[in-house]
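Visitor: The structure follows.
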Amino acid sequence: MQEQRIIYLLEQLRLDTATSSELEELSSVIREAGVDGPFHDALAGLMERYPANGEELAAIDPQHELADKVLAISRDLPMDNVRSIASRGSYPWARYAAAIILIVSTGIYFWRSHESTKVKTIVASGQGNIAPGRTGAILTLSNGTALLLDTIQNGTLALQGGATARVINGGLVYEANSGEVSYNTISTPKGRQYHVTLPDGTEVWLNAASSIHYPTIFSNRERSVTLAGEAYFEVKKATAPFRVNINNNVAVEVLGTSFNINSYSNEGPLKATLLEGAVRVVKDNERMILHPGEQAEVDQGIRVKKDIDVNHVIAWKNGIFYFDGVKLEEAMRQLERWYDIEVVYEKGVPDVAFSGKLTRDVPLNDLLAGLEKLGIHFRLEGHRLIILP
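Residue numbers (the working numbering): 1 to 389.
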């Protein structure tokens, strides 16, 4: 197939005007010939039509969009399962390579818009490769008994005070009971996340290195829990308000709603982000009401930001790293929690930021291979990742 024909098919794909026969034609090319030869040249030529200039990340959206769609075709996946990633330095984008990483079944593809070469890196899953995080947590009862939930198969658990809970497909679901009140804690180590349904039906997704402390029976006056780390809540509607306590001096109060709280101690101000409903954020004598799409930042006081990208905020819950212009140090903190590693900087933190998306089920070595192609140099010693100058 001639290069111009492939360019035409790619342009139709980008504009969402490709017919079913054109999609099948392009899919056949990718499946049969891969991304080398004419396809590579056509894609490079088409991307050159959308130069990314200046500091505005919006300028590279056409490239990201096209990369996503090509990957979806190549793997016969729905578009929302496709991830791409780009990086930029602190200088104008035009002075650097705009990189697009396509995660495919055979490895990682790196595309640099200022050159027409393609590098394919296949990272073997050999000794020393660190697996991504997974579902798992520790349940601690009020008497100090600790249960490793990773090892418990589907079934019913008899807890203290007559409380019962069921393990269902890697999550814990409490059943309503009228026994005596006791307090449980679910904690996720680094490299784990967990889903729990509380006794009132509220669902909580815990990110890595987080914990939630709660009663096995809620009172009729208030449903109160204590959070450390990060969690996403879908609160069951009830007459009793739901209260999340953080750091002993901040609370988020709701009736029925969906929101995310990030209270990691190394991530700056506490952030409460509302997706649906309404919540009240309380610190000392200060109170602020949040509406959907707003985020409260809490340190010495409460500041409210509007028009927040909530998909970015809860990307972790949906199994995605969403690097939206984040600095290298922030991205590394996410990797520390998910891969249970320690990141150190040999000579200061490189001034690099990232934008894009990547699924969280990628082994660490695969992800590091991508970072290396983007100019991040490192040395991995066991679970210690050393970032080099």
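The C-beta atom is built at its ideal place from N, Cα and C for all residues, glycine as well.
#1: Establish whether the CB of arginine 166 and some CB of chain D are separated by less than 9 angstroms.
#2: Using DSSP's beta-bridge definition, name the partner residues of leucine 385.
#3: From this set, Asp200, Val362 and Asn177, which residue's C-alpha is nearest glycine 161's C-alpha?
#4: For tyrosine 183, collect the residues of the same chain with a Cβ closer than 8 angstroms to its Cβ; drop the 5 residues on either side in sequence, then sort them by chain order.
#5: So which of Pro189, Leu157, Glu180 and Lys190 has the shortest CA-CA distance to tyrosine 174?
#6: In angstroms, rounded to a whole number, what distance separates the CA positions of lysine 236 and leucine 270?
#7: Going by beta-carbon coordinates alone, are glutamate 230 and asparagine 207 separated by less than 9 angstroms?
#8: Could you name the residues that DSSP lists as bridge partners for methionine 288?
#9: Just checking my contact of isoleucine 130 with leucine 364 at CB under 8 angstroms: how many whole Å lie between their CB atoms?
#10: Quick check: serine 224 and threonine 185, are their CB atoms within less than 9 angstroms of each other?
#11: Report the option in Val252, Tyr322 and Ala315 whose CA atom is closest to the CA atom of histidine 291.
#12: What residue range is occupied by the uninterrupted beta strand (DSSP E) comprising glutamate 253?
#13: Taking DSSP as the reference, what is the three-state secondary structure of glutamine 153?
#14: Cα separation between phenylalanine 354 and valine 254?
#15: Please determine, among Gly133, Arg134, Pro132 and Leu149, the residue with the shortest C-alpha to C-alpha distance to threonine 140.
#16: Among Ala296, Thr197 and His383, which one has its Cα closest to the Cα of aspartate 340?
#17: Enumerate in chain order the residues of its own chain whose CB-to-CB distance from valine 181 is below 6 angstroms, with the five nearest sequence positions on each side excluded.
#18: What's the gap between the Cα of glutamine 153 and the Cα of glycine 170?
#19: Would you identify the three-state DSSP class for asparagine 318, choosing helix, strand or coil?
#20: What is the C-beta distance between leucine 335 and valine 326, in whole angstroms, given that I count them as a contact (C-beta under 8 angstroms)?
#21: Measuring CB to CB, does arginine 221 end up less than 9 angstroms from glycine 133?
#22: What are the boundary residues of the alpha helix (DSSP H) that glycine 370 is part of?
#23: Three-state secondary structure (DSSP) at isoleucine 7?
#24: According to the neighbour-count rule (16 or more other Cβ atoms, all chains shown, within 10 Å of its Cβ), is alanine 137 buried or exposed?
#25: Using a Cβ-Cβ cutoff of less than 6 angstroms, which residues in the same chain neighbour alanine 315 once the five nearest sequence positions on both sides are dropped?
#26: With a CB to CB cut of under 6 angstroms and the five nearest residues on each side skipped, what residues in its chain are close to tyrosine 8?
#27: Within the same chain, show all residues whose beta-carbon is closer than 7 angstroms to that of threonine 17, passing over the 5 residues directly before and after it, in chain order.
#28: Pick from Thr151, Asp299, Leu15 and Ala278: whose alpha carbon is nearest that of tyrosine 264?
#29: Taking only three categories from DSSP, how would you classify leucine 159?
#30: For leucine 227, tell me which candidate among Ile261, Val313 and Leu13 has the shortest Cα-Cα distance.
#31: With DSSP as the reference, label asparagine 260 as helix, strand or coil.
#32: Looking at glycine 268: is its Cβ nearer than 9 angstroms to the Cβ of lysine 283?
#33: In terms of DSSP beta bridges, what is alanine 208 paired with?
#34: If you check the beta carbons only, do glutamate 346 and isoleucine 376 fall under 9 angstroms apart?
Guide: Taking the coordinates as given:
#1: This model lacks chain D altogether, as it is built from one protein chain only.
#2: Taking the sequence shown and counting its residues from 1, the one referred to as residue 385 is at position 385. Answer is Val343 and Leu380, bridged to leucine 385.
#3: Start at 1 with the first residue of the sequence shown, and residue 161 comes out as number 161. Of the listed residues, the one whose Cα sits closest to glycine 161 is Asn177.
#4: Counting from 1 along the sequence shown, the entry for residue 183 is found at position 183. Closer than 8 angstroms at Cβ, skipping near neighbours: Ser142, His213, Tyr214, Pro215 and Thr216.
#5: Counting from 1 along the sequence shown, the entry for residue 174 is found at position 174. Tyrosine 174 has its Cα closest to that of Leu157, out of Pro189, Leu157, Glu180 and Lys190.
#6: Looking up residue 236 in the sequence shown gives position 236. Looking up residue 270 in the sequence shown gives position 270. In a straight line, the C-alpha of lysine 236 is about 23 angstroms away from that of leucine 270.
#7: Taking the sequence shown and counting its residues from 1, one reaches residue 230 at position 230. Taking the sequence shown and counting its residues from 1, one reaches residue 207 at position 207. Yes.
#8: Reading the sequence shown from its first residue, position 288 is the one you call residue 288. Bridge partners of methionine 288: Val281.
#9: In the sequence shown, residue 130 corresponds to position 130, counting from 1. In the sequence shown, residue 364 corresponds to position 364, counting from 1. Sure, about 4 angstroms apart at Cβ, within 8 angstroms.
#10: Working through the sequence shown from its first residue, we reach residue 224 at position 224. Working through the sequence shown from its first residue, we reach residue 185 at position 185. Against a cut-off of 9 angstroms, the Cβ pair of threonine 185 and serine 224 comes out as no contact.
#11: What you label residue 291 is simply residue 291 of the sequence shown in a count that begins at 1. For histidine 291, the nearest C-alpha among the options comes from Val252.
#12: As a position in the sequence shown, residue 253 is number 253, starting the count at 1. Unbroken beta strand (DSSP E) run through glutamate 253: 250–254.
#13: The residue you call residue 153 lines up with position 153 of the sequence shown. Coil at glutamine 153, not helix or strand.
#14: Translated into the one-based positions of the sequence shown, residue 354 becomes position 354. Translated into the one-based positions of the sequence shown, residue 254 becomes position 254. Rounded to whole angstroms, phenylalanine 354 to valine 254 spans 34 angstroms at the Cα level.
#15: Working through the sequence shown from its first residue, we reach residue 140 at position 140. That would be Leu149, whose Cα lies nearest to the Cα of threonine 140.
#16: Along the sequence shown, read from residue 1 onward, the residue named residue 340 stands at position 340. When each option's Cα is compared against that of aspartate 340, the closest is His383.
#17: Locating residue 181 in the sequence shown gives position 181, counting from the first residue. Cβ neighbours of valine 181 beyond the five flanking positions: Pro215 and Ile217.
#18: The residue you call residue 153 lines up with position 153 of the sequence shown. The residue you call residue 170 lines up with position 170 of the sequence shown. Cα to Cα, the separation comes out at about 8 angstroms.
#19: Locating residue 318 in the sequence shown gives position 318, counting from the first residue. In this structure, asparagine 318 counts as helix in the three-state DSSP scheme.
#20: As a first step, residue 335 must be located in the sequence shown, where it is residue number 335. As a first step, residue 326 must be located in the sequence shown, where it is residue number 326. Rounded, the Cβ-Cβ distance is 11 angstroms, inconsistent with contact.
#21: What you label residue 221 is simply residue 221 of the sequence shown in a count that begins at 1. What you label residue 133 is simply residue 133 of the sequence shown in a count that begins at 1. Cβ distance not < 9 angstroms, so arginine 221 and glycine 133 don't count as in contact.
#22: The count along the sequence shown starts at 1 and reaches residue 370 at position 370. From DSSP, the alpha helix (DSSP H) with glycine 370 extends over 364–373.
#23: On the sequence shown, residue 7 is found 7 positions in, with the first residue counted as 1. In this structure, isoleucine 7 counts as helix in the three-state DSSP scheme.
#24: If you number the sequence shown from 1, residue 137 lands on position 137. Classification of alanine 137: buried, given that the 10 Å Cβ count is 16 or more.
#25: The residue labelled residue 315 in the question sits at position 315 within the sequence shown. Once the five neighbours on either side are set aside, the close Cβ partners of alanine 315 are Tyr322.
#26: What you label residue 8 is simply residue 8 of the sequence shown in a count that begins at 1. Answer for tyrosine 8: no residue qualifies.
#27: For this step, residue 17 is matched to residue 17 along the sequence shown. Hits under 7 angstroms: none found.
#28: As a working mapping, residue 264 is identified with position 264 in the sequence shown. Residue Asp299 is the option with its Cα nearest to tyrosine 264.
#29: Counted from its first residue, the sequence shown places residue 159 at position 159. Of the three classes helix, strand and coil, the one that applies to leucine 159 here is coil, per DSSP.
#30: Position 227 of the sequence shown, counting from 1, holds the residue named residue 227. When each option's Cα is compared against that of leucine 227, the closest is Ile261.
#31: Within the sequence shown, residue 260 is the residue found at index 260, counting from 1. DSSP places asparagine 260 in strand when its eight states are reduced to three.
#32: As a position in the sequence shown, residue 268 is number 268, starting the count at 1. As a position in the sequence shown, residue 283 is number 283, starting the count at 1. Going by C-beta atoms, glycine 268 is not nearer than 9 angstroms to lysine 283.
#33: The count along the sequence shown starts at 1 and reaches residue 208 at position 208. DSSP lists no partner for alanine 208.
#34: The sequence position of residue 346 within the sequence shown is 346, counting from 1. The sequence position of residue 376 within the sequence shown is 376, counting from 1. Contact: no.
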